[in-house]
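Student:
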Amino acid sequence: MKKILALIIALPLLAATTHAQAYPSWTSAEMYQALRKLNILGSVLYIAAHPDDENTRLITYLSKDRLYRTGYLSMTRGDGGQNLIGDEQGIELGLIRTQELLAARRVDGGEQFFTRAYDFGYSKNPEETFTKWDKEKILSDVVWVIRKFQPDVLITRFPTTGEGGHGHHTASAILANEAFTAAADPSRFPEQLKYVKPWQARRILFNSFNFGGNNTITSDQLKLDVGGYNPLLGKSYGEIAAESRSQHKSQGFGVPASRGESFESFKTTGGKAPVNDIMDDIDLTWKRVPGGEKIAVAIDSITRNFDLLYPERSVPALVKLYQAINRLEDGYWKTQKLKETQELIAQCGGLFLEATTTEQFAVQTDSVKISFNFNNRQGVNAVLQNVRIDRLDSSFSRSLPKNRNISFAKNFYVPASKPLTQPYWLAKKMEEGYFNVSDQLLIGRPDVEPSYTMQVQLKIMDQPFSFERPVKYKFTDPVKGELYEPLVVVPPVLVSVDPAIVVRTTKESPPFTVTLKANKDFTATNASLQLEGNSSSPLLKTPLPSIGKDKIVSYEARIQDTIRRPYRDIYLQNGKEIFNQGLRSIHYDHIPYIAYYKTSVLQTSFVDLKTYNKRIGYITGAGDKVPASLEQMGYEVVLLGDKELARNNLQQYDAIITGVRAYNTNEWMNAHYDKLMKYVQDGGNLIVQYNTSSNIGPVKARIGPYSFNISRTRVTDEKAEVTFLKPEHPVLNFPNKITQDDFKGWIQERSIYHGADWDKNFETILTMHDPGEAADAGSLLIAKYGKGYFTYTGLVFFRELPAGVPGAYRLLANIIALNKKKAF
Numbered sequence: 055m056k057k058i059l060a061l062i063i064a065l066p067l068l069a070a071t072t073h074a075q076a077y078p079s080w081t082s083a084e085m086y087q088a089l090r091k092l093n094i095l096g097s098v099l100y101i102a103a104h105p106d107d108e109n110t111r112l113i114t115y116l117s118k119d120r121l122y123r124t125g126y127l128s129m130t131r132g133d134g135g136q137n138l139i140g141d142e143q144g145i146e147l148g149l150i151r152t153q154e155l156l157a158a159r160r161v162d163g164g165e166q167f168f169t170r171a172y173d174f175g176y177s178k179n180p181e182e183t184f185t186k187w188d189k190e191k192i193l194s195d196v197v198w199v200i201r202k203f204q205p206d207v208l209i210t211r212f213p214t215t216g217e218g219g220h221g222h223h224t225a226s227a228i229l230a231n232e233a234f235t236a237a238a239d240p241s242r243f244p245e246q247l248k249y250v251k252p253w254q255a256r257r258i259l260f261n262s263f264n265f266g267g268n269n270t271i272t273s274d275q276l277k278l279d280v281g282g283y284n285p286l287l288g289k290s291y292g293e294i295a296a297e298s299r300s301q302h303k304s305q306g307f308g309v310p311a312s313r314g315e316s317f318e319s320f321k322t323t324g325g326k327a328p329v330n331d332i333m334d335d336i337d338l339t340w341k342r343v344p345g346g347e348k349i350a351v352a353i354d355s356i357t358r359n360f361d362l363l364y365p366e367r368s369v370p371a372l373v374k375l376y377q378a379i380n381r382l383e384d385g386y387w388k389t390q391k392l393k394e395t396q397e398l399i400a401q402c403g404g405l406f407l408e409a410t411t412t413e414q415f416a417v418q419t420d421s422v423k424i425s426f427n428f429n430n431r432q433g434v435n436a437v438l439q440n441v442r443i444d445r446l447d448s449s450f451s452r453s454l455p456k457n458r459n460i461s462f463a464k465n466f467y468v469p470a471s472k473p474l475t476q477p478y479w480l481a482k483k484m485e486e487g488y489f490n491v492s493d494q495l496l497i498g499r500p501d502v503e504p505s506y507t508m509q510v511q512l513k514i515m516d517q518p519f520s521f522e523r524p525v526k527y528k529f530t531d532p533v534k535g536e537l538y539e540p541l542v543v544v545p546p547v548l549v550s551v552d553p554a555i556v557v558r559t560t561k562e563s564p565p566f567t568v569t570l571k572a573n574k575d576f577t578a579t580n581a582s583l584q585l586e587g588n589s590s591s592p593l594l595k596t597p598l599p600s601i602g603k604d605k606i607v608s609y610e611a612r613i614q615d616t617i618r619r620p621y622r623d624i625y626l627q628n629g630k631e632i633f634n635q636g637l638r639s640i641h642y643d644h645i646p647y648i649a650y651y652k653t654s655v656l657q658t659s660f661v662d663l664k665t666y667n668k669r670i671g672y673i674t675g676a677g678d679k680v681p682a683s684l685e686q687m688g689y690e691v692v693l694l695g696d697k698e699l700a701r702n703n704l705q706q707y708d709a710i711i712t713g714v715r716a717y718n719t720n721e722w723m724n725a726h727y728d729k730l731m732k733y734v735q736d737g738g739n740l741i742v743q744y745n746t747s748s749n750i751g752p753v754k755a756r757i758g759p760y761s762f763n764i765s766r767t768r769v770t771d772e773k774a775e776v777t778f779l780k781p782e783h784p785v786l787n788f789p790n791k792i793t794q795d796d797f798k799g800w801i802q803e804r805s806i807y808h809g810a811d812w813d814k815n816f817e818t819i820l821t822m823h824d825p826g827e828a829a830d831a832g833s834l835l836i837a838k839y840g841k842g843y844f845t846y847t848g849l850v851f852f853r854e855l856p857a858g859v860p861g862a863y864r865l866l867a868n869i870i871a872l873n874k875k876k877a878f
């Protein structure tokens, strides 16, 4: 059994459904909504800790009913969360959740921002959170976003007093309240003032709630009904909000649509408390801009005369409006409303401006062909002046006729200096609790910048405009139709290693595979594969041959020396050229294609490991990488689904392990309960990794031979002391002697979703606890049943094994070997 997640082979046979358009076109109703918004000069910034923390009902209402510029600042990208749709963890999960959050904002109309903070997993208090995040650094990010966005009102999802539960939640509120004051203080983070000015929001509010066993709503709080209906959109705000929240698919946050009254409550935590509305005492009109009164009159006129069937008739007046706004004194609202007006001109005019490629990858030191397509669908007075992409600069003076395609293509060279397409927060090695981003102008940005951006210079009604459009890869799927994906800049050769972690249990290194993919014809010049520190000799004795474009070759290799070095770079040396980047790709139907680079590194985990039992049946759950780790340990792994459990003789498996949340995600598990219990009773060994017990993740089947519950208890301190309750127990002695050393080097956490209220037939083996909490014994429960054994464990093997933590391998090997020892 081998499952490899798109290490470098990111072929254009894509499974992901993305946007049906490279750039969205608006309906007349959306244009009218945007016209009305031109006369609203108000902004709100919502602040919380993670993707999915935000109140989508409120964001939808503020952006689509009140028509405020509305943003959401998430402290993290959700890297430490759970994943209900796949086996991605850490930064890969953060990449998924970033795109889910951007999809949510496209639905509810908000804008998205992030700090550099890394979601390192569940934290029980803000003090721990700040020690890992570097509080001052993340505070500077919050201040930066506030100074750039200039919100009139800040709203936090959580209070500073801890009712939000998660330490990240409380930390986000503390940072927001401190930033409310610091953003207005020029002595705080003065290095930012090169780009922005101090900003004082009018007030900061806590959006109180009643969930998670905590009711923070009181009768004296300001209340706002956000449950209205928008006839222009044909939906209630609760319906739009549900669609927005349901974008968080990796977290299982699909929710039903709601209609009718829906009240949100607010408590003032800074600034002047509102009496009637969150925007009390804030001028939301053009009067806040010197000379802006006439602008409001012009917008009112355009709005009154807007024709839903002929929106292009508003373009001349919109161009005059643009010119009038442009004559105002420079300032925040001038800049913002110029952007909004320009976009309205393009949308009302039906201007289609597109730049695409027929290949997904632009290869360094090779050429890429970009096709340009322009269409003046409504026939407005528009003249194409110039098209620019990087070094490509084409001048024109050509009128765009009504509803005729103007198309041409250009080939241009991609220099070796062209940066690879990489999320900016992953460009440098990260610290424990935050991403290493030093460029001030990148901080806060939600996503990677497009690899190439087309700038189109047009004259509309004799007024110059510059429009930007990302260059996209366009293709046609025979089932899904025309689709667009990001264009990705890649090196000439990609290098990957599988597995990325080699578990070395003997003196001889196990084999690993190095794969090369040529993105252009690769001419070998004394080419060789090198492993850092491999006795100064190449991995392969023979020189590498040339490789044709799009060809993939793989080589099996071993570490030839005995140096106990945990990390070694693997690279292809070709004359003076060095290639050491592997492309990781992530595909899901609900988000765009995701690509990021990892330097090709072989990690070696040196484990003093003995194993008994050889054949493991593995029941997949929500997705994890444990099966690959089991193979590294020398086990034969057979994946078991509904059909296999029904038809296979289970006694052929020395042990059966259920993947994480298998009982949450597989409704058919209940149908196999009796057969699994019979397997245990006849001498089998059933090991159940953690499941959740909640509305989002209910247990859908009976689990063990004896009763126990699943709690929300977890130990988040990965260095928490572990006490052996039964040092003599076989699970701590056979075939590996488990000591305190086996709990060193764990990452993120110890254990989650502990067992609770267990039957007397269960034995408890370990206790552990976070600082200031009582010891808990529910992380590892073992019961003898008939001739076999049943184990429930919340220990996070799914994190520790892929990270190469030796003690996790040794302890799991002992659990697997339980039915090879005498009864105890």
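If you're matching positions, the sequence shown starts at 55 in this note's numbering and goes up one per residue. Ideal placement from N, C-alpha and C gives every residue a C-beta, glycine not left out.
#1: When the distance is taken between beta carbons, is Leu835 closer than 8 angstroms to Ala843?
#2: Just to confirm before moving on: does the CB-CB distance between Gly125 and Tyr100 stay below 8 angstroms?
#3: Which value, in whole angstroms, describes the spacing of the CA atoms of Gln509 and Thr412?
#4: Taking the CB atoms as reference points, tell me whether Thr530 and Ser505 lie closer together than 8 angstroms.
#5: Answer yes or no: do Gln627 and Ala554 have a C-beta to C-beta separation smaller than 8 angstroms?
#6: Quick one, which of Met515, Ala295, Ser262 and Lys248 has its alpha-carbon nearest Val373's?
#7: Between the Cα of Arg131 and those of Leu147, Asp119 and Arg120, spot the shortest distance and give me the residue it belongs to.
#8: In chain order, what residues of the same chain have a beta carbon less than 7 angstroms from the beta carbon of Ile402, not counting five sequence neighbours either side?
#9: In the DSSP assignment, the alpha helix (DSSP H) including Arg159 goes from what residue to what residue?
#10: Could you compute how far the alpha carbon of Lys303 sits from the alpha carbon of Tyr386?
#11: Using a Cβ-Cβ cutoff of less than 8 angstroms, which residues in the same chain neighbour Ser659 once the five nearest sequence positions on both sides are dropped?
#12: If you follow the beta strand (DSSP E) that Pro504 is in, where does it begin and where does it stop?
#13: What three-state label does DSSP hand Ala416 in the structure shown?
#14: Restricting to runs no shorter than 3 residues, where is the beta strand (DSSP E) found entirely within the region 586-642?
#15: Reducing DSSP to helix, strand and coil, say where Phe566 ends up.
#16: Would you report the Cα separation of Arg256 and Asp334, rounded to the nearest angstrom?
#17: Should Asn873 go down as buried or exposed, given a rule of 16 or more other Cβ atoms within 10 Å for buried?
#18: Which same chain residues, not among the five before or five after Gln153, have their C-beta less than 7 angstroms away from its C-beta?
#19: When the Cα atoms are used, what is the spatial distance from Trp340 to Lys574?
#20: Name, in chain order, the residues that DSSP records as bridge partners for Asn459.
#21: Distance, Cα to Cα, Ser761 vs Leu193?
#22: Taking 7 angstroms as the limit between beta carbons, can you name the residues of its chain near Ala877, skipping five residues before and five after?
#23: Contact check, Asn231 vs Gly677 under 8 angstroms by CB: the rounded distance?
#24: Over the uninterrupted alpha helix (DSSP H) stretch that includes Thr357, give me the two end residues.
#25: Is Ala436 closer than 8 angstroms to Leu407 when the C-beta atoms are compared?
#26: Can you list, in chain order, the residues of its chain whose CB lies under 6 angstroms from that of Lys56, leaving out five sequence neighbours each side?
#27: Once DSSP output is grouped into helix, strand and coil, what is the label at Leu375?
#28: Based on the DSSP secondary-structure assignment, which residues constitute the bridge partners of Lys652?
#29: Once DSSP output is grouped into helix, strand and coil, what is the label at Gly292?
#30: Please classify Ser273: is it buried, with 16 or more other beta-carbons within 10 angstroms of its beta-carbon, or exposed?
#31: If you draw a straight line from the C-alpha of Phe265 to the C-alpha of Glu217, how long is it?
#32: Please identify the residue among Ala725, Asn718, Asp736 and Val661 whose C-alpha is closest to the C-alpha of Ser747.
#33: Which same chain residues, not among the five before or five after Lys423, have their C-beta less than 8 angstroms away from its C-beta?
#34: Measuring alpha carbon to alpha carbon, tell me which of Ser448, Leu570 and Arg715 ends up nearest Arg756.
#35: How far does the beta strand (DSSP E) with Phe851 in it extend, from its first residue to its last?
#36: Select from Phe426, Arg431 and Asn457 the residue whose C-alpha is nearest the C-alpha of Ser448.
Tutor: Reading it off the structure:
#1: Note that residue 843 corresponds to Tyr in the displayed sequence, not to Ala. No, Cβ-Cβ distance for Tyr843 and Leu835 is not below 8 angstroms.
#2: yes
#3: 20 angstroms
#4: no
#5: no
#6: Met515
#7: Leu147
#8: It is worth fixing the name first, because residue 402 is Cys in this sequence and not Ile. Here the set comprises Met85, Pro365, Glu366, Ser368, Val369 and Leu372.
#9: Gly144 to Asp162
#10: 36 angstroms
#11: Ile555, Val556, Val557, Arg558, Pro620, Gly858, Val859, Pro860 and Tyr863
#12: Careful: Pro504 lies outside any beta strand (DSSP E) and carries neither H nor E.
#13: strand
#14: 606-611, 621-628, 631-633 and 635-640
#15: strand
#16: 9 angstroms
#17: buried
#18: Ile645, Pro646 and Ile648
#19: 56 angstroms
#20: Asn429
#21: 47 angstroms
#22: Residue placement at Ala877 is flagged as unreliable, the pLDDT there being 42, under the threshold of 50; a coordinate-derived value is accordingly withheld.
#23: At roughly 38 angstroms, the Cβ-Cβ gap does not stay under 8 angstroms, so Asn231 and Gly677 are not in contact.
#24: Glu347 to Arg358
#25: no
#26: For Lys56, the pLDDT reaches just 35, beneath the cut-off of 50, and the residue's location in the model is therefore unreliable, leaving the point undetermined.
#27: helix
#28: Gly636
#29: helix
#30: exposed
#31: 10 angstroms
#32: Asn718
#33: Thr411, Thr412, Glu413, Ala463, Lys464 and Asn465
#34: Arg715
#35: From DSSP, Phe851 is part of no beta strand (DSSP E) but of the alpha helix (DSSP H) over Phe851 to Glu854.
#36: Phe426
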